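The structure appears below as structure tokens.
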Amino acid sequence: MTEVDKLGIGKVMEETFSYLLGRKKRPIHLSFDVDGLDPVFTPATGTPVVGGLSYREGLYITEEIYKTGLLSGLDIMEVNPTLGKTPEEVTRTVNTAVALTLSCFGTKREGNHKPETDYLKPPK
2 MTEVDKLGIG
12 KVMEETFSYL
22 LGRKKRPIHL
32 SFDVDGLDPV
42 FTPATGTPVV
52 GGLSYREGLY
62 ITEEIYKTGL
72 LSGLDIMEVN
82 PTLGKTPEEV
92 TRTVNTAVAL
102 TLSCFGTKRE
112 GNHKPETDYL
122 KPPK
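Numbered per the working numbering, the sequence shown spans residues 2 to 125.
Shown next as structure tokens:
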């Protein structure tokens with residue numbers, strides 16, 4: 002987290018891509034542990050990180066990976082509904098995980114779904 006605090010998420014991603022893809026374009030397998038996000042966004046997880054990445058930083062990461070066109074595999078890890086203290090915590094965690102997943106495949110944050118969308122209860 003100190004690198005993100007010091008440099009900002011944009012610079013961290015730039016350096017990451019330079020290191021991973023500097024000389025050769027390779028497929029990217031993203032394993033995104035939601036417990037790296039602040040528990041305000043993902044409380045139903047095993048190892049919450051107070052002061053973790055923000056929702057916007059998480060989406061920025063997935064948006065930038067999508068832009069490379071090199072995403073070949075994706076894991077969204079550490080979503081654990083049994084650890085939510087309330088149904089709202091479970092919904093918040095699941096909705097964040099779904100938003101990150103959709104972003105990996107090109108969904109933009111500007112108005113594609115309402116923030117109150119509950120992916121645990123699809124529309125009838």
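Ideal Cβ positions, reconstructed from N, Cα and C, are used throughout, including at glycine.
Only a predicted model underlies this, so the values are computations on that prediction, with no experimental measurement involved.
Query raised in the report: Hey, how far is the Cα of Thr97 from the Cα of Ser104?
Result: Taking the sequence shown and counting its residues from 1, one reaches residue 97 at position 96. Taking the sequence shown and counting its residues from 1, one reaches residue 104 at position 103. Computed Cα separation, rounded: 11 Å.
Query raised in the report: Leaving out five residues before and five after Leu71 in sequence, what residues of the same chain have Cβ atoms less than 8 Å from its Cβ?
Result: In the sequence shown, the residue the question calls residue 71 occupies position 70. Once the five neighbours on either side are set aside, the close Cβ partners of Leu71 are Leu22, Lys26, Arg27, Pro28, Ile29.
Query - Length at least 4, wholly inside the segment 21–109: the alpha helix (DSSP H) runs in chain order - result: Complete alpha helix (DSSP H) runs here, min 4: 56–69, 88–105.
Report task. Mind reading off the beta-carbon distance from Leu47 to Glu79? Whole number of angstroms is fine, and I expect it under 8 Å. Result -> Residue 47 sits at position 46 when you count from the first residue of the sequence shown. Residue 79 sits at position 78 when you count from the first residue of the sequence shown. Note that residue 47 is Gly in the sequence shown, not Leu. Confirmed, Cβ separation roughly 6 Å.
Query raised in the report: Looking at Ile77 and Leu60, is the spacing between their C-beta atoms short of 8 Å?
Result: As a first step, residue 60 must be located in the sequence shown, where it is residue number 59. As a first step, residue 77 must be located in the sequence shown, where it is residue number 76. For the 8 Å CB-CB criterion, Leu60 and Ile77 do not form a contact.
Query raised in the report: Looking at C-alpha atoms only, which residue of Val99, Pro49, Leu8 is the closest neighbour of Thr63?
Result: The residue given as residue 63 occupies position 62 in the sequence shown. With distances taken between Cα atoms, Thr63 lies closest to Val99.
Requested in this report: Measure how close the beta-carbons of Thr94 and Thr43 come, nearest whole angstrom, since I'm counting them as under 8 Å.
Outcome: As a position in the sequence shown, residue 94 is number 93, starting the count at 1. As a position in the sequence shown, residue 43 is number 42, starting the count at 1. The Cβ separation is near 5 Å, so the contact holds.
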